[in-house]
Structure formats: C-alpha cells, structure tokens
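Inspection log for the structure reproduced underneath, given as structure tokens.
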C-alpha cells in the first residue's frame with residue numbers, strides 16, 4: 001500500500017517561502033510525475049515526502065498515518081537519486097542488500113532478494129563488481145535494485161535519468177515504466193523533461209514557484225491546460241501564443257495553438273509569413289515561420305515529407321476546434 | 335603529452351634536486367654519523383670526524399644511563415592516545431560541520447584554527463595549575479588530554495575537508511535505506527573517509543610524537559616521552575655530542591620509519607580533494 005497525502009504542506013528557508021501551503025493526494029499504485037522548470041520546488045517537495053527535509057508546516061500521511069515527524073529511515077519509502085548515490089566501497093551485491101541489512105533480514109533472505117532483483121534488472125553478472133566498474137546505465141539499475149528489494153510503500157525518483165545519454169535515457173524510461181506496471185508500487189518521479197512526464201505518468205503535477213499549477217493525466221493537461229503556463233510547458237515544440245486583434249477576434253486576451261494544430265497551405269490561409277528555420281526530424285518537420293504579424297515566430301509541425309526552404313512564403317490556418325483561449329491573467333477561458 | 339626535456343637539462347635538474355634533498359637531510363645524516371663516534375671524536379673538525387673510528391659506545395651509554403624503552407612507551411601512548419581520543423571528538427564535530435552546517439559553522443572552524451595562532455606559552459600557566467590541582471602533573475593522562483586539545487583543531491579541519499568531499503546524496507541514500515545515524519556513520523561515512531582518516535591519524539601521531547613544549551613542561555620523569563629523553567642529553571656546559579646524537583636518532587627513528595612506510599598515504603591524504 002502506498003497512498004500519500006500532503007495537507008497544507010509548507011516549506012520555507014529562513015524568510016523565503018519555497019513551497020506555499022499545498023495539498024495533494026497520490027493514490028496507491030499511481031505513477032505521479034512532478035514536472036516544472038528549475039527552481040519550481042519539485043525536488044524540494046519530493047525531499048519533504050522522503051523526510052530528507054523538514055516541513056515548516058502541514059502534515060504528510062502515508063496510508064493515513066502521520067509521518068511528518070518520522071525520520072526518512074522509518075517512512076518505508078525508497079529513493080533513486082540523480083547521482084545514483086551508490087556506496088562506492090561496497091560491491092553491487094552489498095549495495096543492493098544494504099536496505100535489507102539495515103532492516104535486519106537474515107543473510108539467506110537477503111541473498112534471495114538480491115538475486116531476484118538482479119535477475120529482473122540484468123545485473124546478475126555484475127553482482128561482485130564495485131559501482132566504479134559499471135557504466136552509467138548499470139549504476140542506475142543498481143540504484144533501482146537497491147530501491148526495489150525492500151518492497152517499499154512508494155518509490156521516489158529524483159531526476160534519475162538526467163545523467164544518462166539520450167539513447168540510454170529512452171531505454172531506462174521504458175524499463176522504469178515496465179517495472180511500475182509489474183510491481184504496481186506508488187511512484188513519484190521528479191523531472192524537468194516534459195517528454196518523460198508525458199510518457200511515464202498516470203498523473204502529472206505541474207509546479208511553478210512551489211505552487212501546483214495543474215494536476216491531471218498527461219492527455220488532460222495536453223488538451224485542457226488550465227492556464228498559459230501549463231499550456232506552454234506541456235507539449236514540444238511549445239504552444240504558440242498570439243495576442244492582440246487575432247486573439248480578440250476569438251474573445252480572448254491571448255490564444256494558444258499547438259504546432260501540430262496548424263495547417264499549411266499554398267494560399268488562402270488565415271496567416272501568411274515566410275519560413276525561417278526548418279528542422280527535419282525525418283518523421284516530422286518543424287517549421288519556424290516569421291512575419292505573420294500575429295507573433296514573432298510561429299512553430300508549425302508538418303509531416304516529414306514537407307520541404308520548405310529558408311525564405312519560402314507560406315500560408316497557415318489554425319484548427320478552430322483546437323484553439324485555447326486565455327484571459328489577461330493567463331487563466332483558461334471556457 | 336609530457337614536455338620534451340633535453341639530457342643535459344635532465345642531468346642539471348637531477349643534480350639540483352639531489353643537492354636540495356641532501357641539504358635538507360644533512361642534519362639528520364650528521365646526527366647519524368656523530369652518534370657512531372666517541373665523545374672525543376665527535377667534537378673534532380668535520381673531516382677528522384669522518385676519518386675517526388666508528389663505535390657503538392654512545393648507544394650503550396645512553397641505554398645504560400636512561401631508560402629508552404620507558405620513554406618510548408610514553409611517546410607511543412601519548413601520541414596514539416591523543417590521536418584516538420582526538421578522532422572520537424573530531425569525527426562527530428566534523429560530521430556536524432560538513433553535513434548539517436549552521437549559520438556559524440565557518441566562524442567556529444576559524445575560531446578553532448585561531449587557537450593554533452596563540453603562543454602555547456600564553457596558556458602554560460593555567461594548564462600547568464589545572465594539572466597540578468588535579469594531581470595530573472607528570473602523568474600520561476594529562477599529556478594525552480593536552481596533546482589531544484592542542485591538535486584537535488587540525489584533526490577537525492582535516493576531517494571536515496575530507497567529509498565535505500563525500501557527496502551528501504550518498505548519506506541521504508543510506509538514510510532512505512533505513513540506516514540510523516550510527517549505521518550511516520559506521521557503514522557509509524567512515525569507510526568512505528578511510529584515506530582521509532588514515533592520513534589525519536598519521537599526521538597527528540607525528541605532531542604528537544615530536545611535540546616538545548608541553549611534554550617538557552608537564553612531565554618530569556614518570557610520563558616523560560622521547561622529547562624529554564633527548565633534552566636530558568642537551569647540556570649547556572658538557573660535551574655530549576655523541577650521546578645527544580645517539581639519543582636523538584633513537585627518538586626519531588620510530589617516527590621516521592613510520593613516515594617512510596606511510597609516505598604514499600600521507601601525500602595522498604594531504605592533497606585529497608586538490609585534484610578532482
């Protein structure tokens with residue numbers, strides 16, 4: 001079981017409020033991703049849940065039990081760090097067994113669980129090596145192994161893939177998702193990478209300045225962002241924002257259109273401009289269009305076959321049913 | 335790539351290196367030479383000293399006149415005792431300063447170091463009187479405690495520097511894995527800090543072994559270590575060069591041998607964290 005409830009959780013360092021009073025419930029078995037720009041308080045929030053930081057006010061419950069004053073060692077949570085944080089003086093086997101040793105399990109049981117975890121994570125051949133002799137991906141696997149052996153109430157991941165190269169990151173992302181599907185253990189995952197957030201989460205929590213901007217499923221956030229910040233943060237390339245007369249025509253202070261919701265045509269489009277940079281990804285082409293008069297640059301996602309050169313004229317039309325409207329404060333207009 | 339160095343240049347560099355090395359080592363070498371001469375030969379002109387007969391008589395005389403092993407044991411107990419006691423105090427102190435620093439941690443560290451700038455003679459009287467009142471004059475206990483306090487700032491500073499190099503993440507991981515403070519320090523922090531702790535210990539043993547001011551002032555006979563043993567052969571009037579040399583060599587030999595075997599560890603410890 002691992003239902004985590006935050007009630008009016010507040011964190012301040014001296015006079016700086018990092019997290020203003022915040023409420024959040026994470027259901028048992030959910031994969032929740034905290035996402036937001038650097039300094040948004042996502043890591044601090046995770047550390048508060050872990051118990052590595054003390055809360056200034058409010059209450060944290062795990063399965064209904066108040067753990068606000070319980071030290072991290074006794075919260076029954078496991079954490080995977082960005083830096084892996086393996087014990088360099090211990091072999092992989094002893095690293096993975098460490099939480100079991102701390103829990104006072106007998107050697108045979110420790111061994112059995114370590115072997116099981118190693119099999120799941122393809123680490124069987126590396127059990128007698130030291131962390132220093134492993135690659136980044138293997139080290140992260142050891143860190144995950146160390147987290148899963150103790151069968152915690154929840155896993156906490158603090159940007160676990162940030163130190164890996166791009167190809168490995170995609171692989172590990174899948175492995176973590178697989179693992180979650182199999183173990184069904186509550187997981188809280190902190191990242192600044194919105195692709196990780198979108199692909200892994202059951203529920204995304206978007207944070208800014210310590211505040212929760214929106215909580216919802218990836219698709220909910222993508223389709224119905226509650227404000228301009230969430231609209232701009234979720235989705236890549238980011239949503240185009242248009243203010244002024246074009247927005248007023250839709251009865252809003254600003255409108256937002258995602259790059260994939262803009263149609264390209266030779267003529268008769270709503271906006272006309274010239275192509276600046278076009279980025280060819282093979283499957284897609286991202287066009288950056290200037291001189292439309294509505295925004296400095298409009299990003300447009302087209303199919304991979306579309307070929308425009310720098311300076312080519314282009315006509316653009318937003319899909320009317322996919323226009324997001326925002327008021328002067330940035331809140332969504334229904 | 336290493337810079338290319340011409341052969342004459344190499345020879346010149348080697349010559350200069352050896353010259354400097356020999357100059358620094360010369361006093362010890364000369365002590366060694368004098369210790370194997372008779373008292374009469376030891377005070378002759380240097381060239382005559384070298385050509386005179388070699389003898390062990392000084393060593394025999396020194397050993398028969400004073401109890402070398404008694405002093406040696408005192409030195410061992412004082413330097414090891416103060417080091418172990420110092421570590422017991424310094425490990426928790428350095429842990430706190432490195433991992434849970436407060437607003438005044440830096441000030442405390444600097445204040446500790448500043449006590450090393452105080453001339454020891456400034457506090458001789460109070461410490462002497464305290465020892466006298468407690469009946470601790472000329473006891474090993476007094477010296478162990480005083481040596482520990484004298485060197486504590488250095489031990490704390492060195493350990494603090496090593497601990498700072500250990501990523502806080504790893505200790506936090508231990509906490510998440512269910513380790514209490516005791517397990518965190520014993521199973522994670524200390525094993526990772528072994529090189530640092532070893533070089534701190536070595537340096538502290540050397541400092542305590544060589545310390546003469548406090549040992550000479552707080553001991554007379556019972557607790558007198560090797561520094562007092564050397565001093566007993568230095569006389570403003572007599573001519574005891576050979577015996578003084580023999581005593582000196584016997585006093586520094588143990589620490590010299592230990593330093594020789596642990597020089598790798600020492601250098602590694604003292605430059606720890608300098609290159610990353």
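Residue numbers (our numbering), protein chains in the order written: chain H, 1 to 334; chain R, 335 to 610. In this text, a Cβ means the ideal position worked out from N, Cα and C, and glycines have one as well.
May I ask you to report which of helix, strand or coil DSSP gives residue i?
i, result
"residue 19 of chain H", "strand"
"residue 185 of chain H", "coil"
"residue 371 of chain R", "coil"
"residue 329 of chain H", "coil"
"residue 243 of chain H", "strand"
"residue 553 of chain R", "coil"
"residue 7 of chain H", "strand"
"residue 250 of chain H", "coil"
"residue 149 of chain H", "coil"
"residue 312 of chain H", "coil"
"residue 407 of chain R", "helix"
"residue 161 of chain H", "coil"
"residue 68 of chain H", "coil"
"residue 438 of chain R", "coil"
"residue 574 of chain R", "coil"
"residue 297 of chain H", "strand"
"residue 180 of chain H", "helix"
"residue 271 of chain H", "strand"
"residue 583 of chain R", "helix"
"residue 97 of chain H", "helix"
"residue 261 of chain H", "helix"
"residue 26 of chain H", "strand"
"residue 172 of chain H", "helix"
"residue 12 of chain H", "strand"
"residue 412 of chain H", "The requested residue 412 of chain H does not occur in the structure, where chain H is confined to residues 1 to 334."
Short of 7 Å in beta carbon distance, which residues of its chain neighbour residue i, apart from the five on each side in sequence? Order them along the chain.
i, result
"residue 28 of chain H", "1, 2, 3, 186"
"residue 540 of chain R", "589, 593"
"residue 318 of chain H", "257, 261, 262, 270"
"residue 283 of chain H", "304"
"residue 395 of chain R", "577"
When we look at the beta-carbon of residue i and count the other beta-carbons within 10 Å, is it buried (16 or more) or exposed?
i, result
"residue 581 of chain R", "buried"
"residue 280 of chain H", "exposed"
"residue 591 of chain R", "exposed"
"residue 359 of chain R", "exposed"
"residue 438 of chain R", "exposed"
"residue 546 of chain R", "exposed"
"residue 310 of chain H", "exposed"
"residue 124 of chain H", "exposed"
"residue 213 of chain H", "buried"
"residue 169 of chain H", "buried"
"residue 122 of chain H", "exposed"
"residue 387 of chain R", "exposed"
"residue 216 of chain H", "buried"
"residue 491 of chain R", "buried"
"residue 338 of chain R", "exposed"
"residue 489 of chain R", "buried"
"residue 321 of chain H", "exposed"
"residue 521 of chain R", "buried"
Using a Cβ-Cβ cut-off of 8 Å (strictly less than) and excluding sequence neighbours within five positions of residue i, which residues of its own chain qualify?
i, result
"residue 100 of chain H", "109, 110, 113, 114, 149, 150"
"residue 105 of chain H", "113"
Flag this pair as yes or no: are the beta carbons of residue i and residue j separated by less than 8 Å?
i, j, result
"residue 377 of chain R", "residue 575 of chain R", "yes"
"residue 417 of chain R", "residue 542 of chain R", "yes"
"residue 472 of chain R", "residue 555 of chain R", "yes"
"residue 86 of chain H", "residue 143 of chain H", "yes"
"residue 172 of chain H", "residue 140 of chain H", "yes"
"residue 289 of chain H", "residue 275 of chain H", "yes"
"residue 400 of chain R", "residue 563 of chain R", "yes"
"residue 319 of chain R", "residue 487 of chain R", "Residue numbering for chain R in the displayed model covers 335 to 610; residue 319 of chain R lies beyond these limits and cannot be assessed."
"residue 406 of chain R", "residue 390 of chain R", "no"
"residue 272 of chain H", "residue 334 of chain H", "no"
"residue 325 of chain H", "residue 242 of chain H", "no"
"residue 218 of chain H", "residue 332 of chain H", "no"
"residue 415 of chain R", "residue 478 of chain R", "yes"
"residue 96 of chain H", "residue 118 of chain H", "yes"
"residue 248 of chain H", "residue 32 of chain H", "no"
Residues in the same chain with beta-carbon distance under 6 Å from residue i, minus the five sequence neighbours each way, listed in chain order, please.
i, result
"residue 41 of chain H", "18, 19, 207, 210"
"residue 536 of chain R", "596, 600"
| Do the region 11-21 of chain H and the region 50-67 of chain H meet, that is, are 3 or more Cβ pairs less than 8 Å apart? | yes
| query | Below 8 Å, can you find three or more Cβ-Cβ pairs linking the region 16-24 of chain H to the region 167-180 of chain H? | reply | no
| At a cut of 8 Å, does the region 504-517 of chain R reach the region 63-83 of chain H through at least three beta carbon pairs? | yes
| field | At least three beta-carbon pairs within less than 8 Å, the region 186-203 of chain H to the region 154-161 of chain H | value | yes
| query | Three or more C-beta pairs closer than 8 Å, one from the region 62-69 of chain H and one from the region 230-242 of chain H: is that the case here? | reply | no
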